[in-house]
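According to the numbering used here, the sequence shown is numbered sequentially starting from 36.
Heads up, the beta-carbon is just placed ideally off N, CA and C, and yes, glycines get one too.
Keep in mind the model is a prediction, meaning the values are calculated, not measured.
What follows is a set of notes on a single structure, which appears directly below.
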Amino acid sequence: MTTVQANTFESLNPATDEVVGVHPVHSAEDVRAAVAAAGPAADWWAGLGFAGRAERLTRWKGVLTRRAQQLAEVVHAETGKPHGDAMLEIVLAIDHTAWAARNARKVLGAKRRPSGLLMANQAATVEYQPLGVVGVIGPWNYPVFTPMGSIAYALAAGNAVVFKPSEYTPGVGRWLADSFAEAVPEHPVLQVVTGFGETGAALCRSGVAKIAFTGSPGTGRKIMAACADTLTPVLIEAGGKDALLVDADADLAAAAEAAAWGAMSNAGQTCTGVERVYVHERVYDSFLTHLTDQATGLRVGFDGDAQIGPITMPGQIDIIRRHIADALSRGARALIGGPVPEGERYVQPTVLVDVPEDSSAVREETFGPTITVTKVRDMDQAVELANATAYGLGGTVFAKARGMELARKLRAGMVSVNSVISFAGIPSLPFGGVGESGFGRIHGPEGLREFGRAKAITRQRFKAPLNMTTFARTPTVDAQVAKLITLLHGKRT
């Protein structure tokens with residue numbers, strides 16, 4: 036939660052409304068100044084080369100690791116999530132930072148490419164050069180792990196970064212920038228600007244080379260519109276409505292455990308969280324028994340024993356309340372949980388069945404600890420229903436015989452088979468979706484390349500026997516080239 040006072044705003048604990056910190060509302064002029072300062076810093080950082088950057092990123096990784104508990108406290112205070120969940124996202128961010136630093140040269144460094152027969156006298160190479168200054172606009176639900184998927188990879192690729200964290204988690208953003216400055220004090224390679232939508236819009240128009248944004252589809256459209264003014268390219272991750280499929284031969288206990296955690300950890304505030312489950316009719320009743328056993332008794336609160344914290348953004352409770360009410364009014368049943376009282380900061384784990392497929396609880400992103408479970412006649416119907424969404428971020432399949440087959444059929448950027456959200460924890464895999472879930476990728480080689488500019492270079496090794504790039508080219512040369520192309524490509528098939 037936040038409150039605004041003059042040119043500053045307060046970050047509030049969502050469970051208690053206590054003030055966590057006071058931060059500036061940075062103006063468009065402030066943002067332009069940060070980007071201007073980042074320009075020379077980007078030149079210096081790029082000039083260090085892969086080895087120099089890797090050494091400094093490793094130094095930063097050490098700071099993050101040694102002070103992880105301190106960072107987790109800031110995350111806990113600003114988001115309300117349990118301390119263990121905060122530590123989990125920090126640990127994953129550290130692992131991703133290490134991977135990006137270690138693999139940047141391998142992915143982005145100069146590589147030979149085949150020259151082809153007609154240009155056989157040329158040595159052909161491609162390399163990825165830094166973009167310059169990258170703007171990152173982060174979310175509040177995973178204020179360390181998600182933006183670090185852009186920040187660490189952009190830094191490893193040789194760019195400076197100006198980071199605008201969510202107005203709900205500005206202290207986390209400030210902590211990350213300060214810890215980086217501790218490890219790399221020479222230049223402002225990573226800076227933070229804080230504020231609201233206007234600050235983010237100013238970053239889009241500030242002249243950065245690229246914007247990496249995580250948030251909702253609606254805000255993503257605003258980001259694209261703002262970036263269109265300067266033809267600034269964007270990378271967008273805009274949420275999901277992920278489905279979990281349970282086949283008749285699945286390990287039901289494991290599937291239920293995954294569904295409960297995937298739907299309800301972090302109070303359901305996970306872009307790749309499980310929001311829908313489609314279960315083969317032969318195991319539907321057994322799966323529901325396992326799932327309700329898993330979800331019943333999950334402890335909601337803010338103390339050290341709580342497993343589910345408060346809803347971080349107050350407006351999100353209204354969306355969760357509306358989705359549950361709409362489902363129940365149309366014939367759905369709540370096996371556990373149910374309507375959310377007015378004024379409540381917490382949402383109890385909720386399992387909904389008999390929910391119409393055109394209800395808001397199935398069609399729209401809920402972002403709360405709720406889950407819909409639907410019986411299907413077979414997995415073909417499950418795939419059809421799972422794909423009947425505008426989103427396409429992640430997905431999960433629990434099956435023995437058909438796991439990989441079903442995973443390939445899901446219209447999603449990422450799928451886990453017989454586990455849940457495991458793709459996010461593997462640094463070498465790209466992270467991103469399709470449709471309303473956005474475009475572009477963070478993490479992995481694809482994530483590193485998002486923050487580099489492909490550059491092709493040719494170098495002549497010897498004089499061409501058939502020189503085609505000269506006005507001195509003769510009809511004889513043209514005839515020889517035509518004959519060669521015919522021999523190579525003119526055969527009838």
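query                                                                                                                                                                               : result
Per the DSSP calculation, residue 146 is bridged to which residue(s)?                                                                                                               : 161
So residue 202 is in the beta strand (DSSP E); what residue range does that whole segment cover?                                                                                    : Careful: residue 202 lies outside any beta strand (DSSP E) and carries neither H nor E.
Verify whether the separation of the beta carbon atoms of residue 217 and residue 249 is less than 8 Å.                                                                             : no
With three or more C-beta pairs closer than 8 Å as the rule, is the stretch 108-116 touching the stretch 82-90?                                                                     : no
Where does residue 54 fall in DSSP's three states?                                                                                                                                  : strand
Taking DSSP's pairing of strands, which residues face residue 131 in a bridge?                                                                                                      : In the DSSP output, where bridge partners are listed per residue, residue 131 has none listed.
Does residue 36 come out as helix, strand or coil in the three-state DSSP assignment?                                                                                               : Below a pLDDT of 50, predicted positions are generally treated as unreliable, and residue 36, at 49, falls in that range; the measurement from the model is reported next regardless. Residue 36: coil per DSSP, three-state reduction.
Counting C-beta neighbours from all protein chains within 10 Å, is the total for residue 423 16 or more, i.e. buried, or is it exposed?                                             : exposed
CB-CB under 6 Å to residue 479, same chain, minus the five flanking residues each way: which ones, in chain order?                                                                  : 463, 464 and 465
With a threshold of 7 Å on Cβ separation, who are the neighbours of residue 499 within its own chain once the five nearest residues in sequence on each side are excluded?          : 156
Need the endpoints of the beta strand (DSSP E) that residue 369 sits in, please.                                                                                                    : 368-371
Helix, strand or coil for residue 377? Go by DSSP, reduced to three states.                                                                                                         : coil
Would you decide whether residue 172 is buried or exposed? Buried here means 16 or more other CB atoms lie within 10 Å of its CB.                                                   : buried
So, at 8 Å on beta carbons, what are the nonlocal neighbours of residue 527 in its own chain, with the 5 sequence-adjacent residues on each side left out?                          : none
Check the DSSP bridge columns for residue 248 and list the partner residues they point to.                                                                                          : 172 and 271
Pop quiz: residue 192 and residue 261 are said to be a contact at Cβ under 8 Å. What is the actual Cβ separation, rounded to whole angstroms?                                       : Incorrect: roughly 23 Å between the Cβ atoms, too far for contact.
Please report the residue range of the beta strand (DSSP E) in which residue 451 lies.                                                                                              : 449-452
Under a three-way DSSP split, which group does residue 518 fall into?                                                                                                               : helix
Going by DSSP in three states, residue 445 sits in which element: helix, strand or coil?                                                                                            : coil
In whole angstroms, what is the alpha-carbon distance linking residue 36 and residue 484?                                                                                           : Residue placement at residue 36 is flagged as unreliable, the pLDDT there being 49, under the threshold of 50; the coordinate-derived value follows with that caveat. Taking the straight line from one Cα to the other gives about 35 Å.
Report yes or no: do the stretch 392-411 and the stretch 305-320 share at least 3 C-beta pairs separated by less than 8 Å?                                                          : yes
Out of 186, 168, 197 and 201, which one is the CA nearest neighbour of residue 176?                                                                                                 : 201
Would residue 547 be called buried (16 or more neighbouring beta carbons within 10 Å of its own) or exposed?                                                                        : Residue 547 is absent from the structure shown; the chain starts at 36 and stops at 528.
Count the other C-beta atoms from every protein chain shown that fall within 10 angstroms of the C-beta of residue 329, then say buried if there are 16 or more, exposed otherwise. : buried
Would you identify the three-state DSSP class for residue 418, choosing helix, strand or coil?                                                                                      : helix
Could you spell out the range, first to last residue, of the beta strand (DSSP E) harbouring residue 351?                                                                           : Here residue 351 belongs to no beta strand (DSSP E); instead the alpha helix (DSSP H) covers 349-364.
Flag this pair as yes or no: are the beta carbons of residue 189 and residue 169 separated by less than 8 Å?                                                                        : yes
How long is the line joining the alpha carbons of residue 76 and residue 220, rounded to whole angstroms?                                                                           : 11 Å
Can you give the beta carbon distance from residue 226 to residue 197, rounded, assuming they're within the 8 Å contact cut?                                                        : 5 Å
Check each candidate in 402, 293 and 247 and name the one with the smallest Cα separation from residue 434.                                                                         : 293
Does DSSP put residue 329 in a helix, a strand or coil?                                                                                                                             : helix
Helix, strand or coil for residue 346? Go by DSSP, reduced to three states.                                                                                                         : coil
With a threshold of 16 other CB atoms inside 10 Å of the CB of residue 277, please say whether the residue is buried or exposed.                                                    : buried
Return helix, strand or coil for residue 282, following the three-state DSSP convention.                                                                                            : coil
Which residue marks the beginning of the alpha helix (DSSP H) containing residue 111, and which one marks its end?                                                                  : 103-114
Taking only the alpha-carbon atoms, compute the straight-line gap between residue 375 and residue 383 and give it to the nearest angstrom.                                          : 8 Å
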